[in-house]
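For reference, the structure is listed below as structure tokens.
Number of protein chains: 2
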Amino acid sequence: MTYGVALKLDHGLVFMTDTRTNAGLDNISTYKKMFTWVDEGESVVTILCAGNLATTQSVVSLIDERMKAPSERSPSILGLPSMFQVARLVGNTLKEVIAANAQAGQKADSAFNATIIVGGQVAGSEPRLFLVYPEGNFIEAGDDTPFFQIGETKYGRPILVRAFDRGMSFEAAAKLLLVSFDSTIKANLSVGLPLDMALYEAGSLKGGLTRRFEATDPYYHATSDGWGVALKAAFDHLPDVAL
Amino acid sequence: MTYGVALKLDHGLVFMTDTRTNAGLDNISTYKKMFTWVDEGESVVTILCAGNLATTQSVVSLIDERMKAPSERSPSILGLPSMFQVARLVGNTLKEVIAANAQAGQKADSAFNATIIVGGQVAGSEPRLFLVYPEGNFIEAGDDTPFFQIGETKYGRPILVRAFDRGMSFEAAAKLLLVSFDSTIKANLSVGLPLDMALYEAGSLKGGLTRRFEATDPYYHATSDGWGVALKAAFDHLPDVAL
């Protein structure tokens with residue numbers, strides 16, 4: 001499993017994902033699931049991947065043009081005139097990879113499917129955020145639901161629904177995501193630390209701050225512990241049911 | 001879907017379940033999913049059902065001995081010497097109903113499966129709580145995990161994990177369950193009001209307080225609104241991430 005979230009704020013975009021992959025409970029590894037392409041002043045694209053690792057790695061390699069020699073690469077994802085075109089490119093690449101793998105037939109338990117969040121900005125337009133399905137089609141985050149979750153979405157959703165506010169600062173958004181990830185990590189073994197976070201400041205058209213929260217990260221632990229205490233206090237403060 | 005929870009407290013047992021059933025999104029109804037049998041001074045048994053409604057209603061009817069004339073009924077679930085035997089009876093009945101329905105083959109999209117929480121007390125022993133699987137086998141709530149959830153368990157789990165305490169009062173437990181149900185109802189359309197709650201006081205060996213929270217219940221709304229505010233305040237109070 002995986003847990004990934006992207007928020008569309010007034011200030012820009014915030015991405016967070018865990019790094020645990022698993023093939024069964026007895027075979028877990030750590031892999032990056034967040035990738036960013038930057039053409040400073042022109043376009044910035046970040047993707048979060050959930051699903052079959054062979055599929056998503058293949059998609060990333062194709063977008064990166066890793067079939068070419070390193071010196072000849074110029075990822076086509078960066079030359080496009082709009083984020084809609086970027087989402088189309090990711091969707092088509094994803095669909096092709098799944099179709100190519102499926103030709104040989106399904107041998108393992110897990111499907112070849114994957115879901116990808118695509119967010120970023122192209123010069124001349126606003127930042128945009130898309131959720132791309134394994135079929136290659138996609139939806140865009142709107143004003144009513146300005147965030148997307150992929151993977152194990154349920155445990156971390158209640159706090160997002162309650163505390164998300166598109167006017168919030170990057171600092172508050174990072175805190176919100178840590179709380180949402182903490183609830184998920186406490187409940188699902190297949191979502192695990194370290195966590196990768198990336199911020200993109202609207203209009204900057206350059207790579208933003210990235211941060212990895214390791215299992216030993218003091219802020220992560222302060223948030224997790226502090227949230228437990230705060231939640232308990234909030235709960236105790238609610239009036240009991242009169243029975 | 002369904003959401004049902006049973007807590008094993010030092011003071012006794014607390015059960016809560018929603019009442020929404022659905023066959024697709026366009027066909028929803030309200031049905032009781034909680035049933036209690038009482039033989040005062042001897043034994044008290046409550047069950048919560050999740051899964052195929054035809055299966056669970058059939059199980060309840062068989063336990064109720066509704067194949068006999070009303071005057072001849074004396075539910076065998078009440079004459080048993082231990083809660084372990086009660087759980088076995090429920091498990092065997094459930095397994096038989098599923099097997100009988102499956103004989104004719106599966107025609108609809110949904111499976112015949114169901115999961116049942118069984119809790120109660122038989123004179124001479126402590127209160128006990130079991131989770132019965134469609135295969136008829138079951139597990140018992142222990143000291144480390146003294147509660148069970150069935151149905152749509154994920155959205156409401158984080159607050160249970162954080163705030164449950166087996167020494168808590170019935171009033172606090174009712175509040176905890178309302179918060180857990182509120183998080184679930186906000187996220188999954190197939191879990192809906194009204195909610196049924198039942199309390200069983202350890203050692204009482206008689207039917208305890210029951211309460212139905214309707215959609216208009218002022219306490220339910222006070223809890224839901226109050227929890228939103230309290231959660232937001234708790235979140236704002238956590239230190240932001242220093243970026």
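Note that the protein sequences, when read in sequence, are chains A and B.
Residue 30 in full-length UniProt numbering sits at position 30 of the first sequence, and the numbers go up by one each step.
Residue 210 in full-length UniProt numbering sits at position 210 of the second sequence, and the numbers go up by one each step.
Virtual Cβ for every residue (Gly too), placed ideally from N, Cα, C.
Quick caveat: nothing in here was measured; it's all calculated off a predicted structure.
Given that residue i touches chain A, what residues does it touch there, using C-beta distances under 7 Å?
i	result
Arg157 (chain B)	Tyr155, Ala187
Thr223 (chain B)	Leu238
Leu131 (chain B)	The contacting residues do not exist; Leu131 (chain B) stays about 17 Å from chain A at best.
In angstroms, rounded to a whole number, what distance separates the CA positions of residue i and residue j?
i	j	result
Ile117 (chain A)	Leu62 (chain B)	50 Å
Asp165 (chain B)	Ala173 (chain B)	9 Å
Ser82 (chain B)	Asn22 (chain B)	35 Å
Pro146 (chain A)	Gln85 (chain A)	20 Å
Phe28 (chain A)	Arg20 (chain A)	The sequence as given places Ile at residue 28 (chain A); Phe does not occur at that position. Those two C-alpha atoms are separated by around 7 Å.
Glu42 (chain A)	Ala163 (chain A)	33 Å
Ala104 (chain B)	Val241 (chain A)	47 Å
Pro194 (chain A)	Thr30 (chain A)	8 Å
Ala230 (chain B)	Phe235 (chain A)	8 Å
Thr115 (chain A)	His221 (chain B)	36 Å
Tyr200 (chain A)	Val14 (chain B)	47 Å
Met34 (chain A)	Ala198 (chain A)	9 Å
Val122 (chain B)	His11 (chain B)	16 Å
Pro75 (chain A)	Asp39 (chain A)	10 Å
Val191 (chain B)	Gln149 (chain B)	13 Å
Phe138 (chain B)	Arg128 (chain B)	12 Å
Arg211 (chain B)	Leu238 (chain A)	19 Å
Glu72 (chain A)	Gly119 (chain A)	26 Å
Ala202 (chain B)	Met168 (chain B)	14 Å
Gly228 (chain A)	Tyr219 (chain A)	14 Å
Met1 (chain B)	Ala50 (chain B)	7 Å
Glu152 (chain B)	Leu25 (chain B)	15 Å
Val44 (chain A)	Gly79 (chain A)	10 Å
Pro57 (chain B)	Leu131 (chain B)	Note on identity: in this sequence residue 57 (chain B) is Gln, with Pro being the wrong assignment. Distance between the alpha carbons of Gln57 (chain B) and Leu131 (chain B): 17 Å.
Leu53 (chain A)	Leu243 (chain A)	52 Å
Ser204 (chain A)	Ala87 (chain A)	20 Å
Pro158 (chain A)	Pro158 (chain B)	9 Å
Leu189 (chain A)	Phe112 (chain A)	21 Å
In terms of residue numbering, what span does the beta strand (DSSP E) encompassing residue i cover?
i	result
Phe112 (chain B)	From DSSP, Phe112 (chain B) is part of no beta strand (DSSP E); its letter is neither H nor E.
Gln140 (chain B)	Residue 140 (chain B) is actually Glu in this sequence, not Gln. From DSSP, the beta strand (DSSP E) with Glu140 (chain B) extends over 138-140.
Met197 (chain A)	195-201
Leu177 (chain B)	Element bounds for Leu177 (chain B): not the beta strand (DSSP E) but the alpha helix (DSSP H), 170-187.
Arg20 (chain A)	20-22
Mind pulling the chain B residues with CB within less than 7 Å of residue i?
i	result
His237 (chain A)	Ala230
Would you list the one or two residues that DSSP bridges to residue i?
i	result
Met34 (chain A)	A:Leu48
Asp225 (chain A)	Looking at the DSSP assignment, Asp225 (chain A) forms no beta bridge with any residue, so it has no partner.
Lys95 (chain B)	Its beta-bridge partners do not exist; DSSP assigns none.
residue 250 (chain B)	Residue 250 (chain B) cannot be examined here, being either before or after the span of chain B that is shown, 1 to 243.
Gly119 (chain A)	A:Thr46, A:Leu129
Lys8 (chain A)	A:Leu13
Ile150 (chain A)	A:Gly4
Ile28 (chain A)	A:Asn22
Asp240 (chain A)	Answer by DSSP bridge pairing: none, since Asp240 (chain A) is not bridged.
Asp39 (chain B)	B:Ser43
Could you tell me the boundaries of the alpha helix (DSSP H) in which residue i lies?
i	result
Arg162 (chain B)	157-163
Thr55 (chain B)	53-63
Chain A partners of residue i, CB-CB under 8 Å?
i	result
Ala233 (chain B)	Ala234
Arg20 (chain B)	In chain order: nothing, as chain A lies at least about 18 Å away.
Leu243 (chain B)	Phe170, Glu171, Ala174, Leu199, Leu209, Arg211
What does residue i touch in chain B if you count any residue whose Cβ is under 8 Å from its own?
i	result
Ala163 (chain A)	Leu231, Lys232, Phe235
Gly226 (chain A)	Leu238, Pro239
Leu193 (chain A)	In chain order: nothing, as chain B lies at least about 15 Å away.
Do residue i and the ligand COA come close, with the Cβ less than 7 Å from some heavy atom?
i	result
Asn113 (chain A)	As presented, the structure is devoid of all ligands, the ligand COA included, so that no description of it is given.
* Against chain B: residues of the region 165-187 of chain A by CB proximity under 8 Å -> Listed in sequence order: Ser169, Phe170, Glu171, Ala172, Ala174, Lys175, Leu176, Leu178, Val179, Ser183, Lys186, Ala187.
* To do: Select from the region 200-222 of chain B all residues with a C-beta closer than 8 Å to any C-beta belonging to chain A, and list them in chain order.
  => Leu209, Arg211, Tyr219, Ala222
* Listed in chain order, which residues of the region 2-29 of chain A have Cβ atoms closer than 8 Å to some Cβ of chain B? -> none
* Against chain B: residues of the region 64-97 of chain A by CB proximity under 9 Å -> none
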